[in-house]
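Numbered according to the UniProt record's numbering, the sequence shown spans residues 1 to 739. Quick reminder that beta carbons are idealized off the backbone N, C-alpha and C, glycines included. Single-structure report; data block below.
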Amino acid sequence: PVMYSRAIRRLAYLAFGSGALTLGSLQAVPWALETYNSRRGYEPPSKRDKTLNQLMDAPLKSREEQLASLANQNGPEFDVLIIGGGATGCGCALDAVSRGLKTALVEKYDFASGTSSRSTKLIHGGVRYLQKAVFNLDYEQYRMVKEALGERANMLHIAPHLTKPLPIMLPIYHLWQLPYYWVGIKMYDLVSGTQILKPSFYLSKSRALEYFPMLNKNALKGALVYYDGQQEDARMCLSLGLTAAKLGASVANYCEVHSLLKSVDPATGKEVLTGARVVDNMTGKEFTVRAKCIVNATGPYTDSVRLMDSPSKPGIVAPSAGVHISLPDYYSPEMMGLLDPATADGRVIFFLPWQNCTIAGTTDTPCTVSDSPHPAEEDVKFILQEIKHYLSPEIVIRRGDVLSAWSGIRPLVTDPNKQDTQSIARNHIIEVSDSRLITIAGGKWTTYRQMSEEAIDTAIEVAGLQPKGPCRTSGLMLLGAYNWSPNLFIRLVQEFGVEPTVAKHLSCLYGDKCLDLIRLEPLSGHRWPVVGKRLHPNYPYLESEVRWACQEYACRAIDILARRTRLAFTNVHAAAEALPRVVAIMAEELGWSDEKCREELKHCKRYLQHEMGYNLKLVERRRHPINLSSEEVADLTKKFRSIDSDNKGFITLSDMERFFKDSDHRLEPHQIREIIDEVDLNRNGRIEISEFLQYMSATKSGFVGSSRFKHVLGDSSAANYKKPQQDARIPVDRSGGGL
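Take a look at the structure:
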């Protein structure tokens, strides 16, 4: 009790002892909040919605038009050029253009292609940061949590279709944990103030199992539940960029800055930045963007842009890799997350429902900056081992259930007094160079708006810009949010004949723009649904979303599969299966040649294999020992030879086609090739006996999930094998059968 009372006193000191009057403390008094907002230029949304709504309904400029405006040398120069199309960069663009500044943004890949699409999908203040703030009497940590909780409320308000409150459970397995965690989450509620989503609460053991039936009930004492926000991070970032474009900003993806341009300022006699040389990576065309001020918001690439400005500068970013995995949705309830606050090495693991699957992560490992970060098998195993502690023994945690795995690089700000990245707080810093390059680095997804506001404030001061007003992004509704309501999906069902599952997906991803998107969808040819042809039968993504994405600056197939839809993140195998159709539709929309289509297929497959974990388990399987009894080996060898009818010693595509023709299973040729690829370790297009035995051993151990090949062959015992009686296509559903 003494320890907890001290913690509360320390929190009170942090909140009130400094004498600082903050937005959070003002919110206790409504008139004070109103005065505070009016002084900072905040205008209630009702007074500006009409004009902004008209802008949101205006057609979006094409990418060609955006490039022309960026390269225009005859008009006035831009007030600010932002390098980086992640959350912070797009936030800076929206902040600047909403103040009336002439704004440009360039991104060398796609919007949100880096860290901003690879987050844990949470909008949170950071429970562990609050813990450090209290026990270390660290006001900076407290301020960061306070700021993030205020920004959390703003994000839930400006994009209600992309965000939602999510309850997160902390299981209690030791009685001493109950008061410790209870004080912690109540402090979290207290710091949230009037912006609290819902109060935290305690659950008894029986109630905890009712909310989270997959939980390990052995030694369970109860659970605590608190609330944070959840978002669709890639679409949120894209919505920031698209909203900025609607308001007049010139934005372009796949445009890389190769050099910064400088000239002598007559007033000071010093060299200052005046623009950048930019290359359109889709065409190779190079052009100049002239600007009074440049903002470096490139996340992990922060130091590379700083070195363009001054080659002798020391680095300020400590990159850290965070790996996540996707699991089938039956691993967690639909509306309840789980927090493991103390893993074996002291890190935090979240276990969250998202996009009809379950994501688990993250790790925190120092790394080097890479254009294509990839997950490591050791990190996947670590996450699976940690979640085993909290899930019921009835649930077999199989490596084969991993549907996707990805790694994101966090741009943490270096603290020279710390050695491990887990101890580095994600505070942001703003640096202004001698040549007026403004660098915004560090921070976290949740605080992107505050970071952007401070960066543009600095740009205005440093470059002497003349905005038409103060920051207006607090409460500024994003594209798709104006006329959205939680019941909008019902209109899609009733008026257009869309499946309810698909309608909910469209409504929650595109907001009120889903009504425009669905008009691109042709008739299905069935009585029900009337419209809505899916890219993959097991996921709600439609073909019309590909056509819509091409209007929203999607340039490559991976832009669709990884960011406009999240198929690559939810199930990498399903993404690979949908890839040919995505490329075909994009070819129609963008006028691709056959050669371009082949290039896109190759590029996207490489991305899925390297960055989404498609090949991760294949590499590990080569080291996986064969663990079969002599009877099982004999039985499987007999089955292998029954397929290899002419005793070549390996199985070819022709052998497999003949085998399936003689069975009651009907598969298309491309599906048979997929099965061969699942087994073929050395990638020579055929299945050898050693590969066959190794694969069947992996399915037995759970290293490979539900397998079509194993399903057709039957059980390991030939005596128990019976051909399926139904003449039906084998479903591609991989509840297991992931990586």
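Straight-line gap, residue i to residue j (C-alpha atoms, nearest Å)
i, j, result
"Met612", "Trp406", "5 Å"
"Ala234", "Leu130", "27 Å"
"Asp727", "Val530", "Here Asp727 scores only 43 on pLDDT, less than 50, and its place in the model should not be relied on; the value that follows carries that caveat. Those two C-alpha atoms are separated by around 27 Å."
"Ser629", "Leu636", "11 Å"
"Leu238", "Met155", "14 Å"
"Ser423", "Ala68", "In this prediction, Ser423 scores a pLDDT of 47, lower than 50, which makes its location untrustworthy; no coordinate-derived value is stated."
"Asn627", "Ile397", "19 Å"
"Tyr254", "Pro540", "28 Å"
"Val272", "Asp57", "39 Å"
"Ile675", "Asp646", "21 Å"
"Ser404", "Ala568", "7 Å"
"Gly85", "Met477", "19 Å"
"Cys104", "Leu81", "Rather than Cys, the amino acid found at residue 104 in this sequence is Ala. One C-alpha to the other measures close to 5 Å."
"Glu595", "Tyr109", "21 Å"
"Thr283", "Ser200", "53 Å"
"Ser392", "Asn538", "27 Å"
"Leu520", "Ile430", "44 Å"
With 16 other Cβ atoms within 10 Å as the buried cut-off, status of residue i
i, result
"Pro319", "buried"
"Arg598", "exposed"
"Phe350", "buried"
"Ser310", "exposed"
"Phe135", "exposed"
"Glu140", "exposed"
"Ser372", "exposed"
"Ser474", "buried"
"Val317", "buried"
"Val704", "buried"
"Pro500", "exposed"
"Arg708", "buried"
"Lys468", "exposed"
"Thr458", "buried"
Cβ-Cβ distance between residue i and residue j below 9 Å
i, j, result
"Phe287", "Arg563", "no"
"Val225", "Tyr188", "no"
"Val323", "Thr439", "no"
"Gly408", "Thr115", "yes"
"Leu70", "Val289", "yes"
"Leu122", "Thr343", "no"
"Asp95", "Ser452", "yes"
"Val278", "Val106", "yes"
"Gly525", "His161", "no"
"Leu479", "Met335", "no"
"His573", "Tyr607", "no"
"Asp329", "Thr302", "no"
"Leu170", "Ala223", "yes"
"Cys90", "Ala291", "no"
Closest residue to residue i among the options (Cα-Cα distance)
i, options, result
"Lys649", "Phe640, Glu657 and Met656", "One point to set straight first is that residue 649 is Gly, not Lys, in the sequence displayed. Nearest option by C-alpha distance: Phe640."
"Ile185", "Tyr202, Trp176 and Gln694", "Tyr202"
"Val348", "Tyr482, Ile387 and Glu65", "Ile387"
"Gln231", "Arg658, Glu552, Cys508 and Ala587", "Cys508"
"Val369", "Ala321, Ala575 and His161", "Ala321"
"Thr268", "Lys205, Ser435, Val317 and Met586", "Ser435"
"Val251", "Tyr553, Gly480 and Tyr301", "Tyr553"
"Arg556", "Phe569, Leu579 and Asn487", "Leu579"
"Asp379", "His389, Leu391 and Thr363", "Thr363"
"Glu589", "Arg547, Leu517 and Ser117", "Arg547"
"Arg666", "Leu339, Val712, Val704 and Leu506", "Val712"
"Leu693", "Pro486, Glu632 and Gln494", "Glu632"
"Ala576", "Glu595, Asp594, Ala93 and Glu600", "Glu600"
"Ile325", "Glu377, Lys710 and Pro179", "Glu377"
"Gly100", "Leu412, Cys471 and Ala153", "Cys471"
Span of the alpha helix (DSSP H), counted from its first residue to its last, around residue i
i, result
"Asn136", "Val127 to Asn136"
"Tyr301", "From DSSP, Tyr301 is part of no alpha helix (DSSP H); its letter is neither H nor E."
"Pro453", "Here residue 453 is Glu; the residue named in the question, Pro, does not match the sequence. Here the alpha helix (DSSP H) through Glu453 covers Tyr448 to Ala463."
"Trp406", "Run containing Trp406: none in the alpha helix (DSSP H); it sits in the beta strand (DSSP E), Ser404 to Val413."
"His573", "Val572 to Leu590"
"Gly91", "Ala87 to Ser98"
"Pro470", "No alpha helix (DSSP H) holds Pro470; DSSP gives it neither H nor E."
"Gly184", "Gln177 to Ser192"
Residue interval of the beta strand (DSSP E) (run including residue i)
i, result
"Cys555", "Cys555 -> no beta strand (DSSP E), and no H or E assigned at all."
"Ile383", "Run containing Ile383: none in the beta strand (DSSP E); it sits in the alpha helix (DSSP H), Glu377 to Lys388."
"Ile83", "Val80 to Ile83"
"Gln609", "Segment Asp594 to Glu611 is the alpha helix (DSSP H) holding Gln609; no beta strand (DSSP E) there."
C-beta neighbour in chain B for residue i, strict 9 Å
i, result
"Tyr181", "Of the protein chains in the structure, only one exists, and it is not chain B."
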